[in-house]
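First residue of the sequence shown: 88, per our numbering; consecutive thereafter.
Ideal placement from N, C-alpha and C gives every residue a C-beta, glycine not left out.
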Amino acid sequence: MRELHRPPDRSTSWRRGSRSPSLREALRGLAALLWPGPCLGCGEDLPGRAAAGVCLPCWAELPLHDGEGCRRCALPLHGDGPCPDCRAAGAARRRLEATVAALVYRDTAVRLHRALKFGGAAALARPLGRLMAAAWAARGPFRPDLLVPIPPGRFRWGPRREAVRRLAREAARRLGVPLGRHRLMRWRFARAQTRQGAAARRALPEGTFRAPLRLDGMRVVIVDDVATTGATLREAARALRQAGAERVAALVLARTPHPAALPGAPVSG
Numbered sequence: 088m089r090e091l092h093r094p095p096d097r098s099t100s101w102r103r104g105s106r107s108p109s110l111r112e113a114l115r116g117l118a119a120l121l122w123p124g125p126c127l128g129c130g131e132d133l134p135g136r137a138a139a140g141v142c143l144p145c146w147a148e149l150p151l152h153d154g155e156g157c158r159r160c161a162l163p164l165h166g167d168g169p170c171p172d173c174r175a176a177g178a179a180r181r182r183l184e185a186t187v188a189a190l191v192y193r194d195t196a197v198r199l200h201r202a203l204k205f206g207g208a209a210a211l212a213r214p215l216g217r218l219m220a221a222a223w224a225a226r227g228p229f230r231p232d233l234l235v236p237i238p239p240g241r242f243r244w245g246p247r248r249e250a251v252r253r254l255a256r257e258a259a260r261r262l263g264v265p266l267g268r269h270r271l272m273r274w275r276f277a278r279a280q281t282r283q284g285a286a287a288r289r290a291l292p293e294g295t296f297r298a299p300l301r302l303d304g305m306r307v308v309i310v311d312d313v314a315t316t317g318a319t320l321r322e323a324a325r326a327l328r329q330a331g332a333e334r335v336a337a338l339v340l341a342r343t344p345h346p347a348a349l350p351g352a353p354v355s356g
């Protein structure tokens, strides 16, 4: 007897399109609620109330960027004149109108950034993204039309690949601004900047980024996690301006005190 044709079982078809990392992240979040581990900032046992795996004293001790320093790249300085890196960049520094940083990259800021980017602590993206949005609301030079995250480098997967996008998504949501995930493409892949000195970071090749869609007359904010020399942000700004963006600035989670101050730190440039 001929076997009757059975329609495909669609009850589990959603699983084929699901992303297993999201399930792992959900399980990690559940485990953190049931069995809270040590604080991501100080390593001490967490009390009953802790936001995103960080104790209240560590949140209170975050080194907030007060806005003082180089306007173009947010390097902390006394005064608001251009820093040595921006002076060395010459006319290229004018591609980027300003950089707003929520934190100075030291102490607890370093530990939380590493937990987010390398330790899989995805829940940190929400409170840190809110800090970024608050910094822009307080010091941003214009109301943006679009937030554009820096695309990840080659061979970056998992938490490292998603960290900047998650920060940008939360900042965009808090600011009420669209997120342009595919408005900037990495066209050339240089060596990871964590393995380069400050001089090499300043020399990011022109053409590293391209903007595939027109942005005529738009006010665009580039989003990244950590800025050092500002070379990555300036090169991204070049691509966005070539696509017609009228104003371009940057919003970063943290700015290093000096490019050479933290050798080997997981930064973007």
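Beta-carbon proximity list for Pro231, same chain, < 6 Å, skipping 5 on both sides: The sequence position of residue 231 within the sequence shown is 144, counting from 1. The answer, listed in chain order, is Val264, Arg306 and Val308.
Collapsed DSSP secondary structure at Val264 in the structure displayed: Taking the first residue of the sequence shown as position 1, residue 264 is located at position 177. Residue state, collapsed to three classes: coil.
Whole runs of the alpha helix (DSSP H) within the region 150–228, excluding any shorter than 4 residues: 171–176, 195–204 and 212–226
Endpoints, alpha helix (DSSP H) assigned at Leu327: Numbered from 1 along the sequence shown, position 240 holds the residue referred to as residue 327. Element bounds for Leu327: Ala318 to Gln329.
DSSP state of Arg270 mapped onto helix, strand, coil: Position 183 of the sequence shown, counting from 1, holds the residue named residue 270. Of the three classes helix, strand and coil, the one that applies to Arg270 here is coil, per DSSP.
DSSP three-state assignment for Pro292, whether helix, strand or coil: Reading the sequence shown from its first residue, position 205 is the one you call residue 292. Residue state, collapsed to three classes: coil.
Check whether Gly294 and Arg226 have beta carbons under 7 Å apart: Taking the first residue of the sequence shown as position 1, residue 294 is located at position 207. Taking the first residue of the sequence shown as position 1, residue 226 is located at position 139. Against a cut-off of 7 Å, the Cβ pair of Arg226 and Gly294 comes out as no contact.
Span separating the alpha-carbon of Ala337 from that of Pro125: Your numbering for residue 337 matches position 250 in the sequence shown. Your numbering for residue 125 matches position 38 in the sequence shown. Spanning the two alpha carbons is a distance of roughly 33 Å.
Cα-Cα separation between Ala139 and Leu234, rounded to whole angstroms: In the sequence shown, residue 139 corresponds to position 52, counting from 1. In the sequence shown, residue 234 corresponds to position 147, counting from 1. Their backbone Cα atoms lie some 24 Å apart in a straight line.
Neighbourhood of Arg261 by C-beta distance below 6 Å, restricted to the same chain and skipping five residues each side: One-based indexing of the sequence shown puts residue 261 at position 174. Excluding sequence neighbours, Arg261 sits near Arg217 and Ala220.
Three-way DSSP call (helix, strand, coil) for Pro403 in this model: The structure shown does not extend to residue 403, since the chain is modelled only from 88 through 356, so no value can be given for it.
Unbroken beta strand (DSSP E) run spanning Leu51, endpoints: In the structure as shown, the chain starts at 88 and stops at 356, and residue 51 therefore has no counterpart that could be examined.
For Ala258, three-class secondary structure by DSSP: Numbered from its first residue, the sequence shown carries residue 258 at position 171. Correct three-state label for Ala258: helix.
Nearest-angstrom Cα separation, counted from Arg321 out to Asp303: Indexing the sequence shown from 1 puts residue 303 at position 216. Indexing the sequence shown from 1 puts residue 321 at position 234. Between Asp303 and Arg321, the C-alpha separation is close to 19 Å.
Buried or exposed (CB count within 10 angstroms, at least 16 for buried), Leu215: Taking the first residue of the sequence shown as 1, we reach residue 215 at position 128. Leu215 should be labelled buried.
Span separating the alpha-carbon of Cys157 from that of Arg325: As a working mapping, residue 157 is identified with position 70 in the sequence shown. As a working mapping, residue 325 is identified with position 238 in the sequence shown. If you take the alpha carbons of Cys157 and Arg325, they lie about 19 Å apart.
Simplified DSSP state of Arg342, which is helix, strand or coil: Against the sequence shown, residue 342 aligns to sequence position 255. Per DSSP, reduced to three states, the secondary structure at Arg342 is strand.
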